[in-house]
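Participant: Just dropping this structure here.
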Amino acid sequence: MDYKSNIAKLIKIDGLTENDVASMMMNVKDITMGDYCLPCFRFAKTLRKAPQLIAEEIASTIDLSVAPYLSKVEAVAGYLNFTVNKAFFAQNTIDRILKEGEAYGEDKVGEGKTICIDYSSVNIAKPFHIGHLLTTVIGGALYRIYKKLGYNVVGINHLGDWGTQFGKLISAYKRWGTREQIEQGSIRALLDLYVKFHDEAEKDPALEEEGRYYFKKIEDGDTEALELFSWFKEVTLREVGKVYDRLGIKFDSYAGESFYNDKMDAPLRALKDKGLLVESDGAEVVQLDDYSMPPCLLRKADGATLYATRDIAAAIYRKDTYDFDKCLYVVAYQQNLHFKQFFKVIELMGHEWAKDLVHVAFGMVSLLDDDGNPVSLSTRHGRVVFLEEVLDNTVRKARSIIEQKNPDLEGKDEIAENIGVGAVIYSALYASRIKDMTFSYDRVLNFDGETGPYVQYTYARCNAVLQKAPLNDSLPDYSALTSIEADELIRLLERYPQVIKEAGDKYEPSMVTRLVTDIASQYNKFYYQERIIGGDKGAEKARLNLTKATMQVIYNAFELLGIKTVDRM
RNA sequence: GCACUCUUGGCUUAAUUGGAUAGAGCUUCCGGCUACGGACCGGACGGUUAGGGGUUCGAAUCCCUUAGAGUGCGCCA
122 MDYKSNIAKL IKIDGLTEND VASMMMNVKD ITMGDYCLPC FRFAKTLRKA PQLIAEEIAS
182 TIDLSVAPYL SKVEAVAGYL NFTVNKAFFA QNTIDRILKE GEAYGEDKVG EGKTICIDYS
242 SVNIAKPFHI GHLLTTVIGG ALYRIYKKLG YNVVGINHLG DWGTQFGKLI SAYKRWGTRE
302 QIEQGSIRAL LDLYVKFHDE AEKDPALEEE GRYYFKKIED GDTEALELFS WFKEVTLREV
362 GKVYDRLGIK FDSYAGESFY NDKMDAPLRA LKDKGLLVES DGAEVVQLDD YSMPPCLLRK
422 ADGATLYATR DIAAAIYRKD TYDFDKCLYV VAYQQNLHFK QFFKVIELMG HEWAKDLVHV
482 AFGMVSLLDD DGNPVSLSTR HGRVVFLEEV LDNTVRKARS IIEQKNPDLE GKDEIAENIG
542 VGAVIYSALY ASRIKDMTFS YDRVLNFDGE TGPYVQYTYA RCNAVLQKAP LNDSLPDYSA
602 LTSIEADELI RLLERYPQVI KEAGDKYEPS MVTRLVTDIA SQYNKFYYQE RIIGGDKGAE
662 KARLNLTKAT MQVIYNAFEL LGIKTVDRM
């Protein structure tokens with residue numbers, strides 16, 4: 122049940138509707154003062170009374186007998202504080218979680234609506250490195266969050282699969298490559314070929330011409346060139362797919378740059394007809410001076426189209442195909458201007474849905490150099506950390522901790538995989554997405570404190586308690602859950618559905634990470650405060666059910682984040 | 001030069017979007033396993049929320065300003 126709006130029904134303030142009051146209700150920080158509160162300061166001016174007096178007057182009009190879920194109303198320092206009936210609250214919350222199970226947190230707000238999410242967007246024949254981590258896991262988490270909220274979600278991997286580099290790659294392959302080499306070496310082998318091409322091209326500039334020649338062949342639909350091109354694509358996607366599987370990432374569409382190749386003429390023509398596309402230094406641009414932005418370049422002097430041209434075509438295609446209510450682009454904030462520009466161009470074209478395009482920006486990932494200063498990733502300078510290597514390293518670390526702490530554990534490999542990968546995903550979804558992140562092994566290999574393994578440990582601990590508990594089919598006595606620790610825990614569990622909605626509204630999966638961390642932490646406090654097994658049967662049952670509910674919410678939250686829980690570790 | 005973003009203890013960060021005493025984790029120090037899992041828990045140290053001004057009952061949060069950092073700014077994506 123929604124406590125805030127139920128409480129709001131009890132409060133009568135002139136000129137305010139129930140909804141107004143409900144939206145002013147807040148959670149109380151300090152649980153000893155209550156659970157929900159209404160700050161009365163803002164009424165002081167219109168009512169011409171002191172806030173405390175107003176709070177007292179409202180308190181005196183509230184009849185608790187019609188609200189069995191409340192146990193106390195109190196006016197304190199201008200706040201009207203409501204304390205819920207703890208036993209009722211505990212029972213209501215825990216029963217709901219146990220009854221709904223994996224569905225706890227589901228909502229219908231998204232029913233009948235479609236959201237497109239453009240994320241990950243790998244480049245063919247380029248390394249899948251930690252620079253792709255954030256877009257991939259943030260996009261993946263949003264994908265699952267919106268599904269949970271009832272939306273129809275379309276996950277799009279906008280592949281970087283077009284450009285002269287593919288002509289060069291074909292040229293290099295035909296000169297120095299073999300099929301086995303590529304099949305075995307995959308992206309690394311393709312990258313090696315690409316690098317070799319550039320080295321050789323410095324000695325023999327004619328190679329550049331050859332690269333262009335083969336790219337032209339791709340464009341013209343030459344059978345051999347197309348076959349090689351799609352083979353490179355297949356090899357790349359096969360390797361990248363392995364990482365996606367480990368991260369629990371899925372896509373509904375892989376329509377990338379090459380897909381939009383023949384879809385740019387129409388929007389360009391429309392822009393021209395509207396007089397928006399103008400010639401400038403031989404190129405064609407949309408002037409955006411009126412919006413204090415530099416012009417958006419859509420066609421080069423040599424007639425070739427650009428990034429923005431393709432994105433405009435893609436947005437229109439997506440609107441036509443999916444009729445989205447929102448289209449998200451999970452892309453680093455470096456591209457802020459680019460998105461603002463092409464969103465504006467689409468608006469100028471007269472598409473009212475331009476307002477539904479959202480750039481979900483996130484911070485920059487950098488590495489530390491030898492002096493401890495952050496440096497940006499660079500394939501050219503060899504400053505690349507393969508995502509797969511990071512996963513392998515954290516899994517290895519998890520494995521070695523298991524060997525040390527729990528050598529007899531069964532299924533170590535799978536458990537280490539889930540812990541190691543979980544640690545990486547967790548660290549990427551820990552902070553608000555706009556924060557920059559310097560990647561360091563020190564950080565992702567630390568499994569203490571607010572980390573993925575910490576939450577997984579709590580889950581495994583809950584599981585161990587339940588395994589060890591004797592059969593108990595008594596009715597739970599929730600009035601026995603009297604400790605502050607239990608209260609706080611239940612309060613956090615109850616908040617979960619609301620937090621998912623907020624995470625969706627703000628495109629901020631870290632809100633889920635934070636809540637599940639608080640839940641794990643609070644369970645551990647509860648665990649040390651109260652002995653769970655033993656004593657009165659009804660009370661024991663209540664503590665066991667609370668343990669079960671905690672596990673369920675951790676499981677549900679981790680599923681949204683893409684992290685697997687483990688029963689033992 | 002212009003635009004966007006950011007600045008909270010040594011480090012990484014939170015704060016119900018303007019609400020009560022700014023809350024955690026890491027690090028350091030102290031304490032806790034003959035306990036239902038010590039990858040844990042408790043405690044201590046550590047903050048003028050970058051500086052200044054303003055708005056108001058109330059500001060880390062909004063406005064102005066100064067400083068610092070990052071990113072971007074026509075023929076790459």
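In the numbering used here, the protein residues as written are 122 to 690.
C-beta: ideal position from N, C-alpha, C; glycine also.
1) State the Cα-Cα distance for the pair A537 and W474, rounded to the nearest angstrom.
2) Taking the straight line between their C-alpha atoms, what separation do you get for S487 and A180?
3) In the DSSP assignment, the alpha helix (DSSP H) including L614 goes from what residue to what residue?
4) Identify whether T686 lies in helix, strand or coil by the three-state DSSP scheme.
5) Can the beta-carbon of S241 be found closer than 8 Å to that of G271?
6) Could you check the C-alpha separation between I640 and E524 for me, to the nearest Å?
7) According to DSSP, simplified to helix, strand and coil, what is L191?
8) Quick check: N202 and G155, are their CB atoms within less than 8 Å of each other?
9) State the DSSP-derived secondary structure class of F483, mapped to helix, strand or coil.
10) If you count every other CB in all the chains shown that lies within 10 Å of the CB of Q700, and 16 or more means buried, which is it?
11) If T182 and K133 are in contact, beta carbons under 8 Å, what's the gap, nearest whole angstrom?
12) Tell me the DSSP secondary structure of K476 in three-state form.
13) Runs of 4 residues minimum, wholly inside the region 355–421: which ones carry the alpha helix (DSSP H) assignment?
14) With N514 and V687 assumed to form a contact (beta carbons below 8 Å), what rounded beta-carbon distance in angstroms separates them?
15) Would you kindly report the start and end of the unbroken alpha helix (DSSP H) that includes P691?
16) How about E420 and Y381: are their beta carbons less than 8 Å apart?
17) Measure the C-alpha to C-alpha separation of V187 and I128 and round it to an integer number of angstroms.
18) Hey, quick one: how far does the beta strand (DSSP E) through D239 stretch, first residue to last?
19) Out of curiosity, what's the CA-to-CA distance linking K247 and K393?
20) According to the neighbour-count rule (16 or more other Cβ atoms, all chains shown, within 10 Å of its Cβ), is P172 buried or exposed?
21) Apart from the five residues just before and just after L613, which ones in its own chain have a Cβ nearer than 7 Å to its Cβ?
22) Report back the beta-carbon spacing between V479 and L449 to the nearest angstrom; my notes put them in contact at under 8 Å.
23) Skipping 5 residues on each side, what residues in its chain have a beta carbon closer than 8 Å to that of G683?
24) Out of curiosity, what's the CA-to-CA distance linking Q577 and M632?
25) Identify, in the order they occur along the chain, each residue of the same chain with its Cβ nearer than 6 Å to the Cβ of S126, setting aside the five sequence neighbours on each side.
26) List the whole-angstrom C-beta distance separating F647 from S604, where the pair is believed to meet the contact cut-off of C-beta under 8 Å.
27) Would you call the CB atoms of A482 and Y438 closer than 8 Å?
28) Restricting to runs no shorter than 3 residues, where is the beta strand (DSSP E) found entirely within the region 258–309?
29) Going by the DSSP bridge assignment, what does R504 pair with across the sheet?
30) Please name the residue, chosen from T153, W283, E378, L587, that lies closest to R333 on a Cα-to-Cα basis.
31) Among D657, E571, Y200, which residue has its Cα nearest to the Cα of D594?
32) Where L596 and V586 are concerned, what is the direct C-alpha to C-alpha distance, given to the nearest angstrom?
33) Starting from A208, trace the alpha helix (DSSP H) in both directions and tell me its first and last residue.
34) One question on the structure: do I236 and Y267 come within less than 8 Å of each other, judged by their Cβ atoms?
35) Bridge partners of M147, per DSSP?
Facilitator: According to the structure data:
1) 46 Å
2) One C-alpha to the other measures close to 54 Å.
3) 605–626
4) In the three-state DSSP reduction, T686 falls in the coil class, being neither helix nor strand.
5) no
6) Each residue's alpha carbon lies about 28 Å from the other.
7) L191: strand per DSSP, three-state reduction.
8) Cβ distance < 8 Å, so N202 and G155 count as in contact.
9) Strand at F483.
10) Given a span of 122 to 690 for the chain in the structure shown, any question on residue 700 remains unanswerable.
11) At roughly 7 Å, the Cβ-Cβ gap stays under 8 Å, so T182 and K133 are in contact.
12) helix
13) 386–394
14) About 19 Å separates the two Cβ atoms, so there is no contact after all.
15) The structure shown does not extend to residue 691, since the chain is modelled only from 122 to 690, so the question has no answer here.
16) This sequence places Arg at residue 420; Glu is not what is there. Not a contact, by the Cβ cut-off of 8 Å.
17) 11 Å
18) Taken as a continuous stretch (DSSP letters only), the beta strand (DSSP E) holding D239 covers 235–239.
19) 35 Å
20) buried
21) L636, D639, I640, Q643
22) 5 Å
23) The residues are V258, G261, A262, R265, L368, G369, I370, I546.
24) 18 Å
25) For S126, same chain residues with a beta-carbon under 6 Å away, outside a window of 5 residues either side, are A143 in chain order.
26) 7 Å
27) no
28) 273–277
29) S499
30) W283
31) D657
32) If you take the alpha carbons of L596 and V586, they lie about 19 Å apart.
33) 207–221
34) yes
35) C158
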